[in-house]
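Going by the working numbering, the first residue of the sequence shown is number 57, and it counts up by one from there. From the three backbone atoms N, C-alpha and C, an ideal C-beta is built for every residue, glycine too. Everything on this sheet refers to the single structure shown next.
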Amino acid sequence: MNRLVVIGTIVGILIGALVGFLWWGMPPQRVQGELDAARKRADGLEQQLDAARTDARGLETRLKETQDRLAAAEKDLTSVKEMNLKLQRLVGRGKK
57 MNRLVVIGTI VGILIGALVG FLWWGMPPQR VQGELDAARK RADGLEQQLD
107 AARTDARGLE TRLKETQDRL AAAEKDLTSV KEMNLKLQRL VGRGKK
């Protein structure tokens with residue numbers, strides 16, 4: 057019976073140590089470190105996203121300006137073509 061008590065006590069101590077290690081030991085600290093690293097990565101990605109959005113807004117502005125210039129150039133081209141056509145008609149009438 058003395059032997060059973062000693063074995064039971066040793067098993068109880070081992071189980072207690074294992075539970076203590078799992079409950080308060082290194083793994084929660086490691087998980088906390090991983091959580092902190094994930095938060096840092098998320099912050100970095102958020103900053104990159106903000107920068108990308110800012111760049112996109114700038115590109116949208118440049119695109120709008122370029123489209124406006126293109127529309128103005130097309131309008132000018134149309135008026136130049138019309139004037140050229142009128143001049144060709146006038147020159148053609150003079151040759152007849």
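I'd like the list of long-range same chain contacts for residue i, defined as Cβ closer than 7 Å, with 5 residues on each side in sequence excluded.
| i | result |
| --- | --- |
| V87 | none |
| I71 | none |
Please find out if some non-hydrogen atom of the ligand SAM comes closer than 7 Å to the beta-carbon of residue i.
| i | result |
| --- | --- |
| A93 | Annotation note on the ligand SAM: not contained in the displayed structure, which lists no ligands. |
Just list the alpha helix (DSSP H) runs in the stretch 58 to 108, keeping only unbroken ones of 4 residues or longer that don't cross its boundaries, in chain order. Whole alpha helix (DSSP H) segments, 4+ residues: 58 to 80.
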